[in-house]
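Visitor: In terms of my numbering, the sequence shown opens at residue 786 and continues consecutively. Ideal Cβ placement from N, Cα and C applies to all residues, glycine included. Quick caveat, the model's predicted, so the values are computed rather than measured.
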Amino acid sequence: MGQYDTFRDPEKVMHLQKQMLTSKLQSQIGFFSSLNREELTRGIDQLRKHKETIKDYSNERKLLAIESRCGHIYFGNYAKLINPVYGFESRHGSGLALTNRYASDVINALLNYGYTVLAGEIAKFVNGLCLDPYYGFYHKMRISLQALIHDLIEPYRWLVDYSVFKTQEQGIKKKEYAWSREGKMLDSNLIRRFLGLLSSKFDPERPYKSRHGLKRADGLAMCQEITIAKIDIQNLAEYCIGKMN
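1. Excluding sequence positions up to five away, which residues of its chain have a Cβ less than 7 Å from the Cβ of residue 1019?
2. Grouping DSSP H, G and I as helix and E and B as strand, with all else coil, what is residue 1007?
3. Which same chain residues, not among the five before or five after residue 960, have their C-beta less than 8 Å away from its C-beta?
4. Which of the three DSSP states is assigned to residue 920 in this structure?
5. Considering Cα atoms alone, identify which of 831, 892, 1013 is closest to residue 871.
6. Whose C-alpha, out of 862, 808, 900, 901, is nearest the C-alpha of residue 836?
7. Determine the burial state of residue 826: buried for a count of at least 16 other Cβ atoms within 10 Å of its Cβ, exposed for fewer.
8. For residue 962, which option in 989, 970, 955 has the closest C-alpha, if you only look at C-alpha atoms?
9. In the structure shown, what three-state DSSP assignment does residue 991 receive?
10. Would you kindly check if the distance between the Cβ of residue 988 and the Cβ of residue 1009 is under 8 Å?
11. Within its chain, find whatever has a CB closer than 8 Å to the CB of residue 832; leave out the 5 residues flanking it on each side and keep chain order.
12. Could you check if residue 883 is buried or exposed, using at least 16 other CB atoms within 10 Å of its CB as the buried criterion?
13. By the three-class DSSP mapping on this structure, what secondary structure does residue 970 have?
14. Suppose you measure from the CA of residue 846 to the CA of residue 942; what does that come to, to the nearest Å?
15. So for residue 842, helix, strand or coil by DSSP?
16. Quick one: using the 10 Å Cβ neighbour count with 16 as the cut-off for buried, is residue 912 buried or exposed?
17. Below 7 Å CB to CB, which residues in the same chain sit around residue 1011 once its five sequence neighbours on both sides are set aside?
18. Just the Cα atoms here: how many angstroms apart are residue 950 and residue 977?
19. If we call anything under 8 Å between Cβ atoms a contact, is residue 900 one with residue 938?
20. With a CB to CB cut of under 8 Å and the five nearest residues on each side skipped, what residues in its chain are close to residue 791?
21. By the DSSP assignment, the alpha helix (DSSP H) with residue 870 in it spans what residues?
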């Protein structure tokens, strides 16, 4: 019930929307910064400036406008990382796309596939905590859209983006993907290689402010990236029932 009560509280919804968008942009900034590529500098600065304006807004339409602008900035710069031979120019279709259908190139097809895998992992945590996946706070409900899942994968999409970047950096052979009526079909060998890279991004540990686990001298615990996602969802559940501010 706490989730539904929160969903009906405009002030709490706005707070969560700002948190989710801020986390998404910060993850994109962190990803680009970690690559240390000069051609991404301007894009990083633009994303930072937009992130800083989020706190000043109390209108959902404004937040959606920021997200849209930042999406163009982000994928415009992401395209600079991709070998032109793969034909990737932008993210085609909705940012919520979780299917290979209508993917016009192998990079978009891999992104779609990776987001599907990520959504599946997040869905396990959401269902395990008895949250309703159809009641999101940022992505509004649509028929058959698990809006909460799409909310919660946003700060972790960069894991997929990084894995796709590394996959194409290793090289993708033409025989590893083919064209069909519904878009690009990925070869099992390419999928296996891609999933190996994605798994390697899920598993490494990094310092995180967790209430559980063995703490270091600075009060932080070492947590796997996918475990951090689980902790964040637990925090959301506790926020909804009033156990966390």
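Guide: Concretely, from the data shown:
1. Result list for residue 1019: 914, in chain order.
2. Residue state, collapsed to three classes: strand.
3. If we look at residue 960 and ignore the five residues flanking it on each side, its Cβ neighbours are 972.
4. In this structure, residue 920 counts as coil in the three-state DSSP scheme.
5. For residue 871, the closest alpha carbon among the candidates 831, 892, 1013 is that of 892.
6. Comparing C-alpha distances from residue 836 to each of 862, 808, 900, 901 shows the shortest one belongs to 808.
7. A residue is called buried once 16 or more other Cβ atoms fall within 10 Å of its Cβ, and residue 826, having fewer, is exposed.
8. When each option's Cα is compared against that of residue 962, the closest is 970.
9. Residue 991: strand per DSSP, three-state reduction.
10. Contact flag set, yes.
11. Within the same chain, residue 832 has close Cβ partners 810, 813, 814, 817, 855, 858, 859.
12. Confidence at residue 883 is low in this model, with a pLDDT of 45, below 50, so the placement of that residue is unreliable and no value is reported for it.
13. Annotated three-state conformation of residue 970 is strand, per DSSP.
14. Roughly 22 Å separates the two Cα atoms.
15. Coil at residue 842, not helix or strand.
16. With fewer than 16 neighbouring CB atoms inside 10 Å of its own CB, residue 912 falls in the exposed class.
17. Cβ within range, chain order: 906, 987.
18. Here the C-alpha atom of residue 950 lies approximately 15 Å from the C-alpha atom of residue 977.
19. In contact: residue 900 and residue 938 (Cβ atoms closer than 8 Å).
20. The beta carbon of residue 791 sits closer than 8 Å to the beta carbons of 797, 798, 801, 922, 1024, 1025 from its chain, once the five residues preceding and following it are set aside; these are given in chain order.
21. Per DSSP, residue 870 lies in no alpha helix (DSSP H) segment and is marked neither H nor E.
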